[in-house]
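Data first, discussion second: the structure below is written as structure tokens.
Protein chains: 2
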Amino acid sequence: MTVLKTSEKPAEAARGRKDAAEGSSEALQLGELSEQLGYVLKRAQLKVFENFLRCMASLQLTPAQFSVLLLVEKNPGRNQTEIASTLGILRPNFVAMLDNLESRDLCARIRSTNDRRSHILVLTDQGKAVLTRAKKLVATKHEARLNDLLGSANRTALIAMLSKIANEF
Amino acid sequence: MTVLKTSEKPAEAARGRKDAAEGSSEALQLGELSEQLGYVLKRAQLKVFENFLRCMASLQLTPAQFSVLLLVEKNPGRNQTEIASTLGILRPNFVAMLDNLESRDLCARIRSTNDRRSHILVLTDQGKAVLTRAKKLVATKHEARLNDLLGSANRTALIAMLSKIANEF
DNA sequence: CGATATTTGATATGATCCATAACAATTATC
DNA sequence: GATAATTGTTATGGATCATATCAAATATCG
Numbered sequence: 271m272t273v274l275k276t277s278e279k280p281a282e283a284a285r286g287r288k289d290a291a292e293g294s295s296e297a298l299q300l301g302e303l304s305e306q307l308g309y310v311l312k313r314a315q316l317k318v319f320e321n322f323l324r325c326m327a328s329l330q331l332t333p334a335q336f337s338v339l340l341l342v343e344k345n346p347g348r349n350q351t352e353i354a355s356t357l358g359i360l361r362p363n364f365v366a367m368l369d370n371l372e373s374r375d376l377c378a379r380i381r382s383t384n385d386r387r388s389h390i391l392v393l394t395d396q397g398k399a400v401l402t403r404a405k406k407l408v409a410t411k412h413e414a415r416l417n418d419l420l421g422s423a424n425r426t427a428l429i430a431m432l433s434k435i436a437n438e439f
Numbered sequence: 271m272t273v274l275k276t277s278e279k280p281a282e283a284a285r286g287r288k289d290a291a292e293g294s295s296e297a298l299q300l301g302e303l304s305e306q307l308g309y310v311l312k313r314a315q316l317k318v319f320e321n322f323l324r325c326m327a328s329l330q331l332t333p334a335q336f337s338v339l340l341l342v343e344k345n346p347g348r349n350q351t352e353i354a355s356t357l358g359i360l361r362p363n364f365v366a367m368l369d370n371l372e373s374r375d376l377c378a379r380i381r382s383t384n385d386r387r388s389h390i391l392v393l394t395d396q397g398k399a400v401l402t403r404a405k406k407l408v409a410t411k412h413e414a415r416l417n418d419l420l421g422s423a424n425r426t427a428l429i430a431m432l433s434k435i436a437n438e439f
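One line per chain: the protein sequences are D and E, in this order. Using our numbering, read the first sequence as starting at 271 and increasing by one per residue. Using our numbering, read the second sequence as starting at 271 and increasing by one per residue.
Printed below as a string of structure tokens:
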């Protein structure tokens, strides 16, 4: 339930007093690191998640929770296994997530009549309302930031490349 | 020390038998999710790390360990705090990482003579040798894959955009 | 039909990663 | 020279991720 990371720009953190005095200490050379796909990907991902959490602070939604709500809205009537596995969440770990969302009355489990083993997932009215507000926040505060930073065309290209990596790498 | 994730393509995982019979069950609609920056970023990052681990299986190096070796090589004579904070690793968590690398004789801590509190970090000869081999593996097996997938120009553009996000988001 | 296997949601549990507080030794500051 | 700050370290808790296992329900197959 962490929502905000106080964190500091990694590089600036350690640089302290004695830089000017000693002369040997300055910002470290990242070298080849700054060209390593994995390194820069991970760093970008952390920043984006951090920003997402800030934008969603009023709704207290994590990226994972948001993705669940989105997927349930788009695919009502699916069971836990289907939703979880589509998101790459293992079933055991999905239980607590749902307990949380259900306790906040954002979604509900309904025993399926066809298959009484499975729980159909649906958004509650409040869940729908919250999701609508969440989408607005994401669009105006979060994703808008990408356009400011990269421009609309680049934003599209970036998402396309990341999707390609996610699917075909 | 996990090295390989057996994992399965998330979407395909749940789809089972009764699809054809029932007719209602098919692949779920990702909807807006596939355009969510955070979602696609995270997914891509997982895939890339997974591939990295596979490529490095023979050397048993994680992305984090590789980044430490790279940074120490490029900045010899720095202490733990400097290396760790540059990588966004908290000092307490860096201790175990170094214990590991040192136990494998890849790098060494040396008490600084200027400041007897701090440990200067250096690569051992074996550490240098391993890093050289690691770089080759990364270049030929890992990063090469990106070129195959996106083309060289796009690869460069992607890294540039991710860097921008990591630094300015 | 009935025995066996499979699936679903759930629990328990462990590994790994991330973050904070506190400590001894050393150094900086005033 | 007293006090504050820094370095590496330990201890610890939370979050995330993965595996094994279970009971209930369903599917499969002889």
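By construction, the Cβ of each residue, glycine as well, lies at the ideal position given by its N, Cα and C atoms.
Asked, Found
"Close-in-space but distant-in-sequence residues of the same chain around ARG324 of chain E (CB under 6 Å, 5 per side omitted)", "none"
"Extent of the continuous beta strand (DSSP E) run through ARG379 of chain D", "377 to 381"
"Residue interval of the alpha helix (DSSP H) (run including LEU316 of chain D)", "307 to 325"
"Beta-carbon neighbours of PRO333 of chain E, restricted to chain D and to distances below 9 Å", "GLN306, GLY308, TYR309 and LYS312"
"Contact under 9 Å by Cβ, ALA436 of chain D with ALA427 of chain E", "no"
"Option nearest HIS389 of chain D by Cα separation, candidates D:GLN396, D:ARG379 and D:ASP395", "D:ARG379"
"DSSP bridge partner residues for ASN349 of chain D (one or two, in chain order)", "D:ILE390"
"Which listed residue (E:LYS317, E:LEU307, E:ALA423 and E:SER373) has its alpha carbon closest to that of HIS412 of chain D", "E:LEU307"
"Contact between the stretch 400 to 407 of chain D and the stretch 349 to 366 of chain D (3+ Cβ pairs under 8 Å)", "no"
"Neighbour-count burial assignment, GLY347 of chain E, 16 or more Cβ in a 10 Å radius", "exposed"
"Within-9 Å CB hit, HIS389 of chain E to chain D", "no"
"Nearest candidate by alpha-carbon position, reference MET431 of chain E, set D:GLU352, D:ALA354 and D:GLU305", "D:GLU305"
"Contacting residues, own chain, Cβ-Cβ under 6 Å from LEU393 of chain D (five flanking each side not counted)", "VAL342, GLU343 and CYS377"
"CB contact below 9 Å: SER328 of chain E versus chain D", "no"
"Backbone CA spacing between GLY293 of chain D and GLU352 of chain E [nearest angstrom]", "With a pLDDT of 42 at GLY293 of chain D, under the threshold of 50, the predicted position of this residue should be treated as unreliable, though the coordinate-derived value follows. Each residue's Cα considered, the two are about 15 Å apart."
"Own chain residues within Cβ distance below 6 Å of LEU371 of chain D, not counting five before or after", "CYS377"
"Within chain D, partners of MET367 of chain E - CB distance below 9 Å", "What MET367 of chain E touches in chain D: nothing, since even the nearest Cβ is about 15 Å away."
"Residues of the stretch 340 to 353 of chain E with Cβ closer than 7 Å to any Cβ of chain D, in chain order", "LEU340, LEU341, LYS344, ASN345, ARG348, THR351 and GLU352"
"Collapsed DSSP secondary structure at THR402 of chain E in the structure displayed", "helix"
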